[in-house]
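Chemist: Per the working numbering, the sequence shown starts with residue 16, numbered consecutively. Dumping the structure here so I can ask a few things about it.
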Amino acid sequence: MRFFKEAATGMGSYPKAVSFISTHRLWWYVIIPAIINLLIFFALGTLLWEFSGMISRWLIDITGVDTLTGTLGTILEWLMAILVKLISFLLYFKFYRYTILLLSAPALALIAEKTQEILTGQSHPFQVKQLIHDIFRGLAITLKNLFLELLLTIPLYLLAFIPLITPFAGLLVLCIESYFVGFSMIDYRNEFRRLSASQSRALIRHHRGLAIGNGLAFNLLLIIPFAGVLLAPPLAVVAAGLAANQLIDAAEEIQVKH
16 MRFFKEAATG MGSYPKAVSF ISTHRLWWYV IIPAIINLLI FFALGTLLWE
66 FSGMISRWLI DITGVDTLTG TLGTILEWLM AILVKLISFL LYFKFYRYTI
116 LLLSAPALAL IAEKTQEILT GQSHPFQVKQ LIHDIFRGLA ITLKNLFLEL
166 LLTIPLYLLA FIPLITPFAG LLVLCIESYF VGFSMIDYRN EFRRLSASQS
216 RALIRHHRGL AIGNGLAFNL LLIIPFAGVL LAPPLAVVAA GLAANQLIDA
266 AEEIQVKH
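Next comes the structure, spelled out in structure tokens:
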């Protein structure tokens, strides 16, 4: 039950994030990552569209589908092109998320830090050494998460071609992807608390429901044209901070009392 309660808290914290940003006038912190996200979205989308077109034409050439005449040849060409575009679309959103996490990391870290400063009343003095440490820490965590996600989801993508397994494989892929997105967002909060990478990973694993709920809402926001791309990452990092403080801090207080 705790898992589902935490997942609901993770998703439900997004409206609270909007209210929090408005109340504390943090929209300027949202604009910078929003612009970066938009540029990344269109740049990657354009590159992948061109690349998928090249791949589909190459497959059509080597399979000889273009030599078939009549309706059958046309249908096969269309099916091959659609299949390549679909696979490219799935890969696009997977790598788009990680590109955002890598390139938008400084901007997302800034809004996460501001959120925690408001919530806790604490602040950390700026130090170049700490900044460099945080950048490499975040890079290492993101790359490790990407490797683990690919390791877990690639077999599921292959299993998804089996009709009876398709719905279950798709659901598992969504949960895994949501977990790693939520992991990255909660880690910004943990970074502010000066948790090590191993401590952060252990804490988030203990609160998997929270990570999945945050990441699931993030993925659903991406479906909304334009607005989702602009607002999903900054909203996700604020929502993660609010929800993590609510659940994790409360759990720590209970442990202290006992």
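For glycine and all other residues, C-beta sits at the position ideal for the given N, C-alpha and C. Here the structure is a predicted model, which is why all the values come from computation and not from measurement.
Only counting the same chain, and skipping five residues up and downstream in sequence, which positions put a Cβ closer than 7 Å to that of I191?
Modeler: E164, L167, T168
Chemist: Measure how close the beta-carbons of S199 and T157 come, nearest whole angstrom, since I'm counting them as under 8 Å.
Modeler: 6 Å
Chemist: Measuring CB to CB, does N205 end up less than 8 Å from L218?
Modeler: In this structure, L218 lies closer than 8 Å to N205 by Cβ.
Chemist: Please work out which residues of its chain come closer than 8 Å, Cβ to Cβ, to A124, disregarding the five sequence neighbours upstream and downstream, and give them in chain order.
Modeler: The residues are D149, G153, Y203, E206.
Chemist: Keeping to the same chain, check which residues put their C-beta closer than 7 Å to that of T24; ignore five residues upstream and five downstream.
Modeler: L225, G228, A258, Q261, L262
Chemist: At which residue ranges does the stretch 96-160 contain complete alpha helix (DSSP H) runs of 4 or more residues, listed in the order of the chain?
Modeler: 120-135
Chemist: Could you compute how far the alpha carbon of K159 sits from the alpha carbon of S193?
Modeler: 15 Å
Chemist: Rounded to a whole number of angstroms, what is the C-alpha to C-alpha distance between S45 and N234?
Modeler: Looking at the sequence provided, one finds Val at residue 45 rather than Ser. About 18 Å.
Chemist: Starting from S211, follow the alpha helix (DSSP H) in both directions and report where the run begins and ends.
Modeler: Counting along the chain, S211 falls outside any alpha helix (DSSP H), and DSSP gives it neither H nor E.
Chemist: With DSSP collapsed to three states, give me the class of P30.
Modeler: Here P30 sits in helix by DSSP.
Chemist: So N52 and V244 are supposed to be a Cβ contact under 8 Å. How far apart are they, rounded?
Modeler: The C-beta separation of N52 from V244 comes to about 6 Å, placing the pair in contact by the 8 Å criterion.
Chemist: Measuring CB to CB, does F141 end up less than 8 Å from L237?
Modeler: no
Chemist: Are there 16 or more other CB atoms within 10 angstroms of the CB of V252, so buried, or fewer, so exposed?
Modeler: buried
Chemist: The alpha helix (DSSP H) with I238 in it runs from where to where?
Modeler: Counted as a single uninterrupted DSSP element, the alpha helix (DSSP H) harbouring I238 occupies residues 223-238.
Chemist: Are there 16 or more other CB atoms within 10 angstroms of the CB of S37, so buried, or fewer, so exposed?
Modeler: The residue in question, S37, is exposed, as its Cβ has fewer than 16 Cβ neighbours within 10 Å.
Chemist: Less than 8 Å between the beta carbons of G256 and T130, yes or no?
Modeler: Contact flag set, yes.
Chemist: If you count every other CB in all the chains shown that lies within 10 Å of the CB of H139, and 16 or more means buried, which is it?
Modeler: exposed
Chemist: Please report how far the alpha carbon of F183 lies from the alpha carbon of L173, in whole angstroms.
Modeler: 12 Å
Chemist: Please confirm whether I90 and P249 have their CB atoms less than 8 Å apart.
Modeler: no
Chemist: Which whole-angstrom value describes the C-beta separation of S34 and A254, a residue pair presumed to lie in contact below a C-beta threshold of 8 Å?
Modeler: S34 to A254, Cβ: 11 Å. No contact.
Chemist: I need the straight-line Cα distance from M26 to H222, nearest angstrom please.
Modeler: 14 Å
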